[in-house]
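Residue numbers (numbering that gives the first Met the number 0), protein chains in the order written: chain A, 0 to 420; chain B, 0 to 169; chain C, 0 to 369; chain D, 0 to 137.
The beta-carbon is built from N, C-alpha and C at its ideal position, and this holds for glycine as well.
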Amino acid sequence: MSKKKIKVASPQTGCSACMPNTMQIPLGPQHPALKEPTHFLLEVQGEVVVNATPRIGYVHRGIEKLAETKTYSQNLTLVERVCGICSHVHSVSLANAVETALGIEGFEVPKRAQYIRTIVLELERVHSHILWLGIAAHEIGFDTLFMLSWRDRELTMDILEEISGNRVNYAINEIGGTRRDLSQTQIDRMLKYMDITEERINRYKDICLKEDTIRMRTQGIGILLPSKARELCAVGPTARASNVKVDVRYDDPYSAYDDLRDIFTVVTYDTNDVFSRVVVRIIETIEAVKYIKWLLKNLPEGPVFAKPPRKVPEAHVLSRTEPPRGELIHYLWSNNTDKPYRLKITTPTLANIFSVAEMLRGDYIADTTISLASIDPCFSCEDRMITIVNNDRRKPKIETWSESQLRRYSKEWYANKGWKK
Amino acid sequence: MSKLKDEQEIVNALKSHFGDKILEAEVERVRRIHVKVADPDQLDVITFAKEKWNSWHMIAVSSVDKPDGTFAVVYHYDIRPPHGGQTAITMNLMVDCPDRNNPKITSITKVFIGAQYFEREAHDLMGIVFEGHPDLSRLILPEDFPEGVYPLRKDFLLEIQKAELEKKNK
Amino acid sequence: MVCKQRVEKVSAVWWILTILGILFFPGIGFCITFALIDEWIDRKFYAALQDRIGPLHTGFKGILQPLADFLKLLSNEDIEPEAADKWGMRITAIVALVIPLVALLFIPIIDTTGMISFEGDILLLAFLTTVIAIAIYLAGWFSANRLAMPGTMRAASQLLSYEIPILLTMFVVALRTQSLNLADIVGWQIDHNRPTLFSLPMVIFFGIFLLSTQAELERSPFDIPTAETEIVGGWEVEYSGKKLGFFRLSADLQLLYAAGMATTLFLGGPTGIELWIPSFAETLANTPGYHVWPILYYTTFFLIKSTLIIVILATMRALMARIRIEQFLEFSWKWLIPISLGLVIVTIFWVPWTDQVIWSHWEGLFPNPT
Amino acid sequence: MTRPAVIIWEALRNAFKREKATIIYPFEPGIKPEKGLRGAHILYIEKCTGCRACERACPPIAIEMVPSELTKTGKRPVINLGECIFCGLCEEACRYDALFLTDYIELSSFDLGGMIIYEKEPPKKKEPEGDAPKEDES
Numbered sequence: 000m001s002k003k004k005i006k007v008a009s010p011q012t013g014c015s016a017c018m019p020n021t022m023q024i025p026l027g028p029q030h031p032a033l034k035e036p037t038h039f040l041l042e043v044q045g046e047v048v049v050n051a052t053p054r055i056g057y058v059h060r061g062i063e064k065l066a067e068t069k070t071y072s073q074n075l076t077l078v079e080r081v082c083g084i085c086s087h088v089h090s091v092s093l094a095n096a097v098e099t100a101l102g103i104e105g106f107e108v109p110k111r112a113q114y115i116r117t118i119v120l121e122l123e124r125v126h127s128h129i130l131w132l133g134i135a136a137h138e139i140g141f142d143t144l145f146m147l148s149w150r151d152r153e154l155t156m157d158i159l160e161e162i163s164g165n166r167v168n169y170a171i172n173e174i175g176g177t178r179r180d181l182s183q184t185q186i187d188r189m190l191k192y193m194d195i196t197e198e199r200i201n202r203y204k205d206i207c208l209k210e211d212t213i214r215m216r217t218q219g220i221g222i223l224l225p226s227k228a229r230e231l232c233a234v235g236p237t238a239r240a241s242n243v244k245v246d247v248r249y250d251d252p253y254s255a256y257d258d259l260r261d262i263f264t265v266v267t268y269d270t271n272d273v274f275s276r277v278v279v280r281i282i283e284t285i286e287a288v289k290y291i292k293w294l295l296k297n298l299p300e301g302p303v304f305a306k307p308p309r310k311v312p313e314a315h316v317l318s319r320t321e322p323p324r325g326e327l328i329h330y331l332w333s334n335n336t337d338k339p340y341r342l343k344i345t346t347p348t349l350a351n352i353f354s355v356a357e358m359l360r361g362d363y364i365a366d367t368t369i370s371l372a373s374i375d376p377c378f379s380c381e382d383r384m385i386t387i388v389n390n391d392r393r394k395p396k397i398e399t400w401s402e403s404q405l406r407r408y409s410k411e412w413y414a415n416k417g418w419k420k
Numbered sequence: 000m001s002k003l004k005d006e007q008e009i010v011n012a013l014k015s016h017f018g019d020k021i022l023e024a025e026v027e028r029v030r031r032i033h034v035k036v037a038d039p040d041q042l043d044v045i046t047f048a049k050e051k052w053n054s055w056h057m058i059a060v061s062s063v064d065k066p067d068g069t070f071a072v073v074y075h076y077d078i079r080p081p082h083g084g085q086t087a088i089t090m091n092l093m094v095d096c097p098d099r100n101n102p103k104i105t106s107i108t109k110v111f112i113g114a115q116y117f118e119r120e121a122h123d124l125m126g127i128v129f130e131g132h133p134d135l136s137r138l139i140l141p142e143d144f145p146e147g148v149y150p151l152r153k154d155f156l157l158e159i160q161k162a163e164l165e166k167k168n169k
Numbered sequence: 000m001v002c003k004q005r006v007e008k009v010s011a012v013w014w015i016l017t018i019l020g021i022l023f024f025p026g027i028g029f030c031i032t033f034a035l036i037d038e039w040i041d042r043k044f045y046a047a048l049q050d051r052i053g054p055l056h057t058g059f060k061g062i063l064q065p066l067a068d069f070l071k072l073l074s075n076e077d078i079e080p081e082a083a084d085k086w087g088m089r090i091t092a093i094v095a096l097v098i099p100l101v102a103l104l105f106i107p108i109i110d111t112t113g114m115i116s117f118e119g120d121i122l123l124l125a126f127l128t129t130v131i132a133i134a135i136y137l138a139g140w141f142s143a144n145r146l147a148m149p150g151t152m153r154a155a156s157q158l159l160s161y162e163i164p165i166l167l168t169m170f171v172v173a174l175r176t177q178s179l180n181l182a183d184i185v186g187w188q189i190d191h192n193r194p195t196l197f198s199l200p201m202v203i204f205f206g207i208f209l210l211s212t213q214a215e216l217e218r219s220p221f222d223i224p225t226a227e228t229e230i231v232g233g234w235e236v237e238y239s240g241k242k243l244g245f246f247r248l249s250a251d252l253q254l255l256y257a258a259g260m261a262t263t264l265f266l267g268g269p270t271g272i273e274l275w276i277p278s279f280a281e282t283l284a285n286t287p288g289y290h291v292w293p294i295l296y297y298t299t300f301f302l303i304k305s306t307l308i309i310v311i312l313a314t315m316r317a318l319m320a321r322i323r324i325e326q327f328l329e330f331s332w333k334w335l336i337p338i339s340l341g342l343v344i345v346t347i348f349w350v351p352w353t354d355q356v357i358w359s360h361w362e363g364l365f366p367n368p369t
Numbered sequence: 000m001t002r003p004a005v006i007i008w009e010a011l012r013n014a015f016k017r018e019k020a021t022i023i024y025p026f027e028p029g030i031k032p033e034k035g036l037r038g039a040h041i042l043y044i045e046k047c048t049g050c051r052a053c054e055r056a057c058p059p060i061a062i063e064m065v066p067s068e069l070t071k072t073g074k075r076p077v078i079n080l081g082e083c084i085f086c087g088l089c090e091e092a093c094r095y096d097a098l099f100l101t102d103y104i105e106l107s108s109f110d111l112g113g114m115i116i117y118e119k120e121p122p123k124k125k126e127p128e129g130d131a132p133k134e135d136e137s
């Protein structure tokens, strides 16, 4: 061991020159543990990570820009595609923003629609958290838990498919309400399924609390102290697992969460490590099942849709919602037309990715993936814009291609290859 | 308006403490207040809010290409209510960058490290330079993306928008 | 014994039979076939534990799936990185395939002795298992990859630290049976009318052996050197096509070898009924037909016993999360090795005495027909 | 009290269970709700007026209007299922009950053209267009 003092990179920049005795190991963009592309450059000494530099943007699809060209109802389906797992919360967030802007003119959304939205939101939370549990189990090599938890997630997915008509992008929202109503048979079936789900999640809680190897792999790693969590703007379960009491559903209630406040608990846990995040997520799932049952039992009668005016008055609206991963922001500037002037989306992963770089520092390589997975990352951002440098040597230039240009190019390419259309 | 008491109190406190520095301050709606300041004052406002109401949560940083051709940066800041109420109040702190060709603004990272990635994103996509930011390298766009092209500005047109413009001109 | 008769007649027929034996039955052909079926059993049972079906469409209930996977890997493009030591990579792949095949010739499968059997062959087997560890280390080293290096280091430390409990187990059985020959170990179990497993410290050694075997074979939850979600396959990250196919087949053969070893050391090898009815062995030898019935009988019992071991190993695979390398090594050096060393001492001094006591009870259960 | 291998009894129960959770999908029918799925479109051309409401409503521009003799305005929609996101906005936009989403969801084709439905002009007759589009047979 050399006597040189190891210079730890400053947290302000998150990057530094290569340190002595280190080896750089890339984590991503393609990695079996990452379900979506991102890149972390890890500097390791032996098995210990001394520095991690994130780089995101591999799935930048330009949704914010594209949203400016579409009408509000089209945008609802567009923002649903920001994320495959928490899709409903995006459309609720945008619908809330638009309805708030319309509220200036006295527009109101029916109560029953709000309840149905909230039910779907919580169902989404249940399936997302169980999905996360499976992924986390897979990261630490516990495939049995992974398979079993995903088997039980299917129940929730079946419910969602039945009430919305699709398994992933539900398209149940509309500006001014929801498209579909819940029938009594559906409500009964959901209550039955929720009982089964609750029983199974309690079982997983048992397993996670009692299983020795899970504790060995999750306790004491990926530590994010409460002070750091506040400083680095961590949100959602990541922050709550660091004993920071922040939950938009409670702090800034939207949809039907106002009525839920009496039975609402903000789940926090104080060990600040990955284990804490596992516990917080599992308990949150149990809570979500509780809220779904309450909402189903207290579902108000009435219409589910009120026809909104086509044009949205000029307003600057900030809509905060709580997806399963953290805090989602839709900041809408409307300009008295049927299209938004500017729609700013901030996803929870962008807020949490800085905390990951902090968590990884000082951990073993074996723990990087579970630390990274512990924030439940979801790298969905923007445009599929491809830069192609053309091969003309005399006039080299960088071209920016849009998606339709690319599609046309690919069709031509296949046609040249002799493929059918 | 007894319902918006907490919000009004925050606005009044800001007004009385900063006086003329606050260009605009008003209660937008329930749990939302709108504040507008000139360039370097946002640091003071945020520090003040941080200390006075024990708030710590920077929600997001938005950047807007305004209809009048200038830019605005909006800091969304979560303020815990003064009387220990249970809901949080969000302050939309807007700062203008009047120069379109050379948009500059003082970075908030001195006060809030956590805002670093939000500001980098705004730099990447809108081209606003945050002075005092530790690392303004590319975050989202690829490294070989042409310099000086910022996709979220209004003069960057998508194909659909170009087609629409052509239709209109005809 | 059957084998000794065979050795006495060194003739052309003997040579032809031996060569056919090495090539087909019970040598390379049989071992590879059975190793692939073993993998199928392993995968099928692992899937069943997870409420899945497992391989299904290739052959009867997917029994040909491992073979199909192997053939598919053989036909894949073989990519070798620029910076890697290409001949090193090729040779380690072949060595990794050959060593378990050689080791399997020592395991008694169709007879109470193996194809090759001499005094002290257990020492050679101990050496061969270590060579596999070194081959894996070199395989990672030659591929010159950043992700392979941590995997290689993990493989080296894990394989070497779990080698010791395995060796201790092998030698404690040798101590118990007063022999360094696998055939004699099986013979001892027949003579004493019981498998080695049924004496007190041996049960614990059986557990230690299975645990260390799981670690040696780098199977979940001890697949730390090749952890896919952590270091992208570890030491085998740069291997593709034929070489990966060889490594996969080698892993299957190692699994079969480990199951065979556990069978031989603890469960009485390929013997069955004669463990309790000693006269059955003579009846078997005197049955009409040239060695056909004994061979079938012994092979069947070997298959049953090794499958049992494989099912136990597959269950072990499904139960736990993968623990970290340093926790795992700590477990080996702080718990497993001291315990086995202590038990070795117990075996040396106390077993002859306890053995009598326990065995007097067993005798009552199974009356000796003679 | 923590211990390793907590899951063992549940796993063993699973192993000796007769019915596994896996559905062998193309050979067995998958679980499907009775109604309400959003799948391929069905177009009743004799009700269609060619008003372009569906084209305007479509977010991914998957509906294209082509000339036709069957409708009032001389246009009829051609739907590219390869680009469709099955949001159902066109169904809602249609005021003449001519366009619906069926629950036919098993769509696949070996070439890009196979995903475009109602590409050819249907023959002039009064009965509605046939069932859901047939799978491409190539």
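Closest by C-alpha distance to residue i, when choosing among the options
{"i": "V202 (chain C)", "options": "C:F265, C:Q157, C:A257, C:L66", "result": "C:F265"}
{"i": "G219 (chain A)", "options": "A:L295, A:P376, A:M358, A:Q73", "result": "A:M358"}
{"i": "R28 (chain B)", "options": "B:L22, B:W55, B:K4", "result": "B:K4"}
{"i": "L196 (chain C)", "options": "C:T168, C:D183, C:V101", "result": "C:T168"}
{"i": "T346 (chain A)", "options": "A:K34, A:I55, A:K306", "result": "A:I55"}
{"i": "E215 (chain C)", "options": "C:L295, C:L159, C:P99, C:V291", "result": "C:L159"}
{"i": "M22 (chain A)", "options": "A:E42, A:A32, A:L122", "result": "A:E42"}
Cutoff 8 Å: residue i Cβ touching any chain C Cβ
{"i": "Y203 (chain A)", "result": "no"}
{"i": "P28 (chain D)", "result": "no"}
{"i": "T21 (chain D)", "result": "yes"}
Neighbourhood of residue i by C-beta distance below 6 Å, restricted to the same chain and skipping five residues each side
{"i": "K343 (chain A)", "result": "Y330"}
CB contact below 8 Å: residue i versus chain D
{"i": "R214 (chain A)", "result": "yes"}
{"i": "A47 (chain C)", "result": "yes"}
Within-8 Å CB hit, residue i to chain A
{"i": "A114 (chain B)", "result": "yes"}
{"i": "I84 (chain D)", "result": "yes"}
{"i": "P32 (chain D)", "result": "yes"}
{"i": "V73 (chain B)", "result": "yes"}
{"i": "T70 (chain D)", "result": "no"}
{"i": "A10 (chain D)", "result": "yes"}
Beta-carbon proximity list for residue i, same chain, < 7 Å, skipping 5 on both sides
{"i": "I207 (chain C)", "result": "P164, T168, L335, S339"}
8 Å Cβ cutoff, residue i in contact with chain B
{"i": "I352 (chain A)", "result": "yes"}
Distance, residue j Cα to residue i Cα
{"i": "F170 (chain C)", "j": "T128 (chain C)", "result": "14 Å"}
{"i": "P252 (chain A)", "j": "P66 (chain D)", "result": "51 Å"}
{"i": "V5 (chain D)", "j": "L318 (chain C)", "result": "7 Å"}
{"i": "W332 (chain C)", "j": "L132 (chain A)", "result": "32 Å"}
{"i": "W234 (chain C)", "j": "L146 (chain C)", "result": "8 Å"}
Beta-bridge pairing of residue i - partner residues as DSSP gives them
{"i": "K175 (chain B)", "result": "The structure shown does not extend to residue 175 (chain B), since chain B spans only 0 to 169, so no value can be given for it."}
{"i": "L26 (chain A)", "result": "A:F39"}
Sequence-distant residues of its chain with Cβ nearer than 8 Å to residue i (five each side left out)
{"i": "D37 (chain C)", "result": "D251, L254, L255, A258, S305, T306, I309"}
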